[in-house]
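Structure first, then comments.
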Amino acid sequence: MKKNNAILLSTPYILWMLAFTLIPLGVVAYYALTDPATGVFSLGNLRDLNMYWGVLWESILYSLISAFICLLLGYPVAYFIAHQGAVAQKILYMLVMLPMCMSFLLRTLAWVGLLQDTGIINDFLEMIGIGRMQLIRTPGAVVLGMVYNYLPYMILPLYSTIVKINPRLIEAAEDLGCNTVQVFRRVTLPLSVPGILSGITMVFVPAVSTFYISQKLGGTDTVLIGDVIERQFKQGNNPNLGAALSLVLMILVFVCTGIMNRFGADEEGGVIA
Amino acid sequence: MKKTNRILTILIFIFLYIPMAVLIVASFNTGKDIANFEGFTLHRYVELFQDAHLLQLLRNSLVVSIISTVVATTFGTVAAVGIHNLKPRMRKVVMSLTNIPMTNPDIVTGVSLSLLFVFVGTRMLGQRDALTFWTLLIAHITFNLPYVILNVMPKLQQMDNSLTDAAMDLGCTPLQAFFKVTLHEIMPGIVSGAIMAFTMSLDDFVISYFVSGLDFVTLPVEIYSYTKKPIQPKVYAMFTLLFLLIFVLMVAMNLLQIRADRNKTVRRSKVETKAMRTFRRVAAGALACVLLVISGYLIFFAKPQEQITLNVYNWGQYIADGSDDSMEVIREFETRYPHIKVNYSTYDSNEIMYSKLSNGGITVDVIIPSDYMIARLISEDMLLPLDFDNIPNYQYIDESFRNTSYDPENRYSVPYTWGTVGILYNTKYVDEADVTGWEVLWNEKYAGKILMFGNSRDAFGIAQYLLGYDVNTTDKAELQACADKLLAQKPVLQQYVMDEIFATMQNEEAWIAPYYAGDCLTMMGENENLAFYLPESQGFNLFIDAMCIPTCAKEKEAAELFINFLCDPEIAGANMDWICYSTPLSAAKDYMDPETVFDPVSYPSDEILAHGSSYAYLPEDISRYVEGLFMEVRNG
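Written out as structure tokens, the structure reads:
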């Protein structure tokens, strides 16, 4: 009876997910393999992809750099939060989450106001006599935008892993003669690997597919794969090429997360911390 | 080490909060520029609560996120219980299915769902508007479900199965056991799943951006188009209020939790009394009912049923909106015709509008494309012939704007404005001796300060004037040469823009840009250093934008009423005063600011106009070819 119930309860969900996640991917594949003008089967879109390998590579590079910087900045913060008292932990955790709930479009726009040639930072630099600098529309600005937007996605899973590390393990290591650095290298760091992996995935996936950040903070030469897809759909009137590009992006992301999961083989639902 | 850690943490928090501080400060700014604080005011908050459109969008967002959260939480919890009891192998398969929307980039999810809805709705069911509130809701439920499942599953796994067995041994039916035992045990997971789903749904931009049509749009999607135009500071005011709201909610939640934790440790042994339990159940039930009633009200009753919704799809900054003491044209129309409610959305370029129309899935009643695009739409059977009996004000349209090349029999379009494309430059930074023609847009002296058209037709047009080609050429070699010319321009460019030009030229972030004369006048009104130059000798584009009704329209008569309204000389005059474009109705000039009527930028002499040329319809394959080339230029 229990089994029947299980099937009864989960079937509607399975059907829903098939209809709205798996079948849409099939439709994407269908569009990717048809000609935009005539609608017949064609490999033309896949041939056109050749133009975009550079863009794809650049997107991967930018998001890997961002994920790495997020890790460097996020780890100490997560570590710090995890070693506070219970109330302080809650408050700090909330302060990390809060920006994630606010419109990322407007927050990115605020960076434009800060970084642009006539922006707040440049006004300040000029006032103190350093002079204006080219900050916006550089690769650095795009990376900054990604780090800013996705840093909380790194801190939160890291924090949840670090906070779960049993303090007795650290005590034991100390008793056995480890100094602080050794404790960190041999105990804390290895035990936080699952958090690191999940943090990197959670930063990498949205970063590699973003289009708003590069549109607002990047120059004419920083074009990411998300930009191209958005433009094919919204402007270029070529959903077929857009679909082909989406397919490539999806495969890329699945391969990357697959590799990640391999390292930190968690049972189920590895993405969410 | 601890100390450096602390300092680093503080610095990171500053980094996370600085942009928000900038936005909050901007909401009290009397000026419009985010980077330039001119004085303190609370007026933006007043403006916010007077803006029915923004409040409507906020309501839309709340409706979608509340309903999708309620549905996803219920549906997801039930499913999680089912999945938990599946055989391990089957469970693994279902969980990988659950992980697809979690791992997939948002843009892919958005693209795939919009293609599915359009494919099924338009091609299979033959509906005009496949992208509606319901499809948006489905999308939100779909990406909310995994959050619920992934939060509830661990709680189910942690739960001791003997608890339910004990309950059933004591005479509970399985259903009772679920409500009395299981639900209680997994509640924390359900709550955190629901909160996550709600925030994700409320703040979702990417998926909604691809999935929504025109008649039901959420706040983030509209904010996206706001951030292209010069953003209205009341949006910052809304951001500030939302920030405060979420902050208070989060603090309250944390306080409650801290207190609950404390209570738990103090009186763990104390059993919940029956009265308390009943109270808690009633409270939870009441809350759920209130949420459902509110959302139901918002969907079904908020809009008076007898009203017609007229979907107008127009260029950005292209209708007087009440700012700067102008007439709020749409409000005026709604007051005169109370049975019609206008749903107004904007696009950046003819090409964006065309993509949206031809991708299908939406319904629009009035569009205002340019000449060459009208010809294209006519040739592709995408426009409805107008019933001129409903548009008596057509009589005011000047003779020279009738029987045009794009609509020779005056069947499909009513002219809205006309104008030229020229060069806008900032006299403070740009030497006037350099502004001799289109080549100034390639001038390395101003590298990084030059903007260019972000749409293919206007960008190619400039290259064609510069290279001396016909702007309507179909010669692929010439078009390729234009693409090369545009590629050569890329290193000196700051950005490809459309509506973004307003903010960047006005705050002097950029110095030189080609644009439509009317908009140039608007910007010159905001910044006195700006000047306009028309490259007469090389040639320039002379365009007419006209109102049309696409075949996907649902309210043709109301659309004709709207078109007629905009041709009323008095309305047209007030409208033109704000948008600064040139009017095809001489009668409207009587109602306009005399200064604009004699402005040589708006109304150049016939002698000068003789140097202009208009874009004509290019065959389908050439249109695609040009679009492809332009994509290569921008992506290359």
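Residue numbers (my numbering), protein chains in the order written: chain U, 6 to 278; chain S, 33 to 668. Note that the Cβ used here is the ideal one computed from N, Cα and C, for glycine as well.
Three-state secondary structure assigned by DSSP to residue i
| i | result |
| --- | --- |
| I394 of chain S | coil |
| N475 of chain S | coil |
| M484 of chain S | strand |
| Y438 of chain S | coil |
| N61 of chain S | strand |
| P208 of chain U | Going by the sequence as given, residue 208 of chain U is Val instead of Pro. Looking at V208 of chain U - three-state DSSP - the assignment turns out to be helix. |
| I340 of chain S | strand |
| F216 of chain U | coil |
| F279 of chain S | helix |
| N37 of chain S | helix |
| P104 of chain U | helix |
| V45 of chain U | coil |
| Y84 of chain U | helix |
| P279 of chain U | Because residue 279 of chain U is not part of the residues shown, which for chain U are 6 to 278, the question remains open. |
| F311 of chain S | helix |
| S402 of chain S | strand |
9 Å Cβ cutoff, residue i in contact with chain U
| i | result |
| --- | --- |
| H75 of chain S | no |
| P220 of chain S | no |
| V96 of chain S | no |
| I406 of chain S | no |
| S301 of chain S | The predicted model places S301 of chain S with a pLDDT of 46, which falls under 50 and marks its position as unreliable, so this point remains unresolved. |
| N286 of chain S | yes |
| E383 of chain S | yes |
| M282 of chain S | yes |
| T259 of chain S | yes |
| I278 of chain S | yes |
| Y635 of chain S | no |
| P546 of chain S | no |
| N37 of chain S | yes |
| E592 of chain S | no |
| Y256 of chain S | yes |
| F242 of chain S | yes |
| F754 of chain S | What is shown of chain S runs 33 to 668, which leaves residue 754 of chain S out entirely. |
| L40 of chain S | yes |
| V249 of chain S | no |
Opposing strand residues paired with residue i [DSSP bridges]
| i | result |
| --- | --- |
| V690 of chain S | Look at the range of chain S in this structure, 33 to 668, and you will see that residue 690 of chain S is not part of it. |
| Y256 of chain S | Note: Y256 of chain S sits in no beta bridge, so no partner. |
| W450 of chain S | S:I576, S:S614 |
| D353 of chain S | S:E360 |
| Y528 of chain S | S:M484 |
| G644 of chain S | S:F572 |
| W347 of chain S | S:Y379 |
Closer than 9 Å to chain S by CB, residue i
| i | result |
| --- | --- |
| A72 of chain U | no |
| K239 of chain U | yes |
| G200 of chain U | no |
| S15 of chain U | yes |
| I86 of chain U | yes |
| S214 of chain U | yes |
| Y164 of chain U | no |
Would you call the segment 582-602 of chain S and the segment 450-460 of chain S touching, i.e. three or more CB-CB distances under 8 Å? no
Against chain S, which members of the segment 120-148 of chain U pass a CB distance test of less than 8 Å? Q121, D122, T123, G124, I125, D128, Q139, R142
Residues in the segment 571-589 of chain S having any Cβ partner in chain U nearer than 8 Å: none
Interface positions of the segment 150-162 of chain U facing chain S (Cβ-Cβ less than 9 Å), listed along the chain: V152, Y153, L156, P157, I160
Residues, ordered as in the chain, of the segment 97-119 of chain U that lie near chain S by beta-carbon distance below 9 Å: L97, Y98, M99, L100, V101, M102, L103, P104, M105, C106, M107, S108, F109, L110, L111, R112, T113, L114, A115, W116, V117, G118, L119
Check distances from the C-beta atoms of the segment 520-536 of chain S to those of chain U and list, in chain order, the residues that come in under 7 Å. K522, L525, Q526, Q527, Y528
Interface residues of the segment 29-40 of chain U facing chain S [CB-CB below 9 Å]: P29, L30, G31, V32, V33, Y35, Y36
Check whether the segment 643-661 of chain S touches the segment 394-406 of chain S, taking contact to mean three or more Cβ pairs, one atom from each stretch, closer than 8 Å. yes
Quick one, which residues of the segment 244-259 of chain U are near chain S if we go by CB-CB under 7 Å, in chain order? P244, G247, A248, S251, L254, M255, V258, F259
If you measure beta-carbon to beta-carbon, which residues of the segment 170-200 of chain U are closer than 8 Å to chain S? T185
contact_flag[the segment 42-61 of chain S, the segment 263-270 of chain S] where n(CB pairs < 8 Å) is 3 or more: yes
Could you run through the segment 42-68 of chain U and flag, in chain order, every residue whose CB is less than 9 Å away from some CB of chain S? A42, D53, M56, Y57, G59, V60
Does the contact criterion of 3 or more C-beta pairs under 8 Å hold for the segment 94-112 of chain S versus the segment 225-244 of chain S? yes
Which residues, taken in chain order from the segment 51-78 of chain S, show a beta carbon closer than 7 Å to some beta carbon of chain U? P51, M52, V54, L55, I66, A67
May I ask you to verify whether the segment 128-143 of chain S touches the segment 247-258 of chain U, counting CB pairs closer than 8 Å and requiring at least 3? yes
Do three or more CB pairs link the segment 555-569 of chain S to the segment 436-443 of chain S at distances below 8 Å? no
Could you tell me whether the segment 187-199 of chain U touches the segment 150-159 of chain U, where touching means 3 or more Cβ pairs closer than 8 Å? no
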